[in-house]
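J.: After the structure tokens below, expect a handful of questions from me.
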Amino acid sequence: MNRISKTRSASGVPLYQLKITLKWSKPPIWRRLIVPANMTLARLHDVIQIAMGWTNSHLHQFITGKGPTVTYYGQKDPDYADTGPEMFDERRYHVGDLAPAAKAKFIYEYDFGDSWQHDIIVEKILPPDPAIKQVRCLGGANACPPDDCGGIGGYYDLLEILADPKHEEHESMREWLGGEWDAAEFNVDKVDAVLKRLKA
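Take 5 as the starting number for the sequence shown in my numbering and just add one per residue.
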């Protein structure tokens with residue numbers, strides 16, 4: 005595996021245009037990002053949390069391959085460090101390690117209980133650009149589900165409850181959410197402004 009050097013600056017390495025889509029979401033919940041090839045997976049986790057709108061309250065992992073070639077990257081829960089499959093330290097691997105070519109794909113999973121899986125595809129690999137010094141969000145659509153709502157199935161059940169004022173759980177779910185919920189809401193400028201403050 006060709007490891008990307010940590011020491012090269014973000015402006016001196018290729019830039020990856022990633023499309024991140026929440027699996028099984030209809031209409032798709034997605035974000036398009038520009039990140040440097042030498043970004044660690046640990047930092048990519050931070051970027052995805054911001055771009056999608058999660059609260060970073062649960063464990064996560066990156067997954068490549070299938071069947072006998074499946075590989076996991078993350079940081080194990082210290083209480084379960086000796087259980088489950090081998091997990092490579094996400095702080096030691098980079099975006100370019102998992103996706104060395106355009107059209108490469110891998111998975112980001114957040115919250116092993118609700119199992120929010122995100123398909124990540126490298127749409128383009130762009131040449132280094134000194135003008136791009138921060139992570140960028142180029143676009144996206146639809147609100148990220150709230151944490152702890154029961155996975156993608158639970159989220160769509162929640163939307164049905166919110167759409168029916170006569171449902172017995174309507175008021176309690178609105179109270180749990182803290183008010184109204186707009187499933188189509190996404191503001192690329194707000195996300196981009198936060199990402200610009202994050203060091204690559």
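For every residue, glycine included, the Cβ atom is placed at its ideal position computed from N, Cα and C. Because the structure is a prediction, the values reported are computed rather than measured.
1) Give me, in chain order, the residues of the same chain whose beta-carbon lies closer than 7 Å to that of D123; leave out the 5 immediate sequence neighbours on both sides.
2) Could you say which of A106, V195, R96, C148 lies nearest to S131 if we only look at CA atoms?
3) Assuming the contact rule is C-beta atoms closer than 8 Å, M91 and Y114 should be a hit. Round their C-beta distance to whole Å, please.
4) Using C-beta distances below 7 Å, list every residue in its chain close to D196, excluding the 5 sequence neighbours before and after it, in chain order.
5) By the DSSP assignment, the beta strand (DSSP E) with V39 in it spans what residues?
6) Quick check on the DSSP output: the alpha helix (DSSP H) that includes L181 runs from which residue to which?
7) Under 7 Å Cβ to Cβ from R35, same chain only, skipping five residues before and after it: list those, please.
8) Within the continuous beta strand (DSSP E) that includes R140, where are the two ends?
9) Please report the distance separating the alpha-carbon of K64 from that of D50.
10) How is T75 classed by DSSP in three states: helix, strand or coil?
11) Can you tell which of T44, R96, P149, L166 has the C-alpha that lies nearest to the C-alpha of F190?
12) For D151 and L37, what's the separation of their Cα atoms in angstroms?
13) Per DSSP, which residues does D93 bridge with? Please list them.
14) Please classify A2: is it buried, with 16 or more other beta-carbons within 10 angstroms of its beta-carbon, or exposed?
15) Skipping 5 residues on each side, what residues in its chain have a beta carbon closer than 7 Å to that of D81?
16) Could you give the distance in angstroms between the alpha-carbon of P32 and the alpha-carbon of E127?
17) Rounding to the nearest angstrom, what Cα-Cα distance links D93 and K200 in this structure?
18) Could you name the residues of the same chain whose beta carbon sits closer than 8 Å to that of T11, not counting the 5 residues immediately before and after it, in chain order?
19) Are the CB atoms of L162 and C153 nearer to each other than 8 Å?
20) Would you call E184 buried or exposed, if buried means 16 or more other Cβ atoms sit within 10 Å of its Cβ?
T.: With the structure as the only source:
1) Excluding residues within five positions, the ones whose Cβ falls inside 7 Å are T25, K27, K109, I111.
2) The question names Ser, but residue 131 is Pro in the sequence shown. Out of A106, V195, R96, C148, the CA that lies nearest to the CA of P131 is found in A106.
3) The C-beta distance from M91 to Y114 rounds to 15 Å, too long to meet the 8 Å contact threshold.
4) Sequence-distant partners of D196 (beyond 5 residues in either direction) whose C-beta falls short of 7 Å from its own C-beta, in its chain, are R140, C141.
5) Here the beta strand (DSSP E) through V39 covers 34 to 40.
6) Run containing L181: 174 to 181, per the alpha helix (DSSP H) assignment.
7) These residues qualify, in order along the chain: I24, A55, M56, C141, G144.
8) Start and end: 140 to 145.
9) It should be noted that the sequence gives His, not Lys, for residue 64. Distance between the alpha carbons of H64 and D50: 11 Å.
10) DSSP places T75 in strand when its eight states are reduced to three.
11) Shortest Cα-Cα distance from F190 to any of T44, R96, P149, L166 involves P149.
12) Rounded to the nearest angstrom, the two C-alpha atoms are 22 Å apart.
13) In DSSP, D93 forms a bridge with G78.
14) Within the shown structure, residues of the chain are numbered from 5 to 204, placing residue 2 beyond reach of any answer.
15) Once the five neighbours on either side are set aside, the close Cβ partners of D81 are L63.
16) Distance from the CA of P32 to the CA of E127, rounded to the nearest whole angstrom, comes to 17 Å.
17) Answer to the nearest angstrom: the Cα atoms are 26 Å apart.
18) Any reading at T11 must be qualified, since the residue scores a pLDDT of 36, below 50, and its modelled position is unreliable; the value itself is stated next. So the list is empty, once near-sequence residues are dropped.
19) At a Cβ-Cβ threshold of 8 Å, L162 and C153 count as neighbours.
20) When all chains shown are included, E184 counts as exposed.
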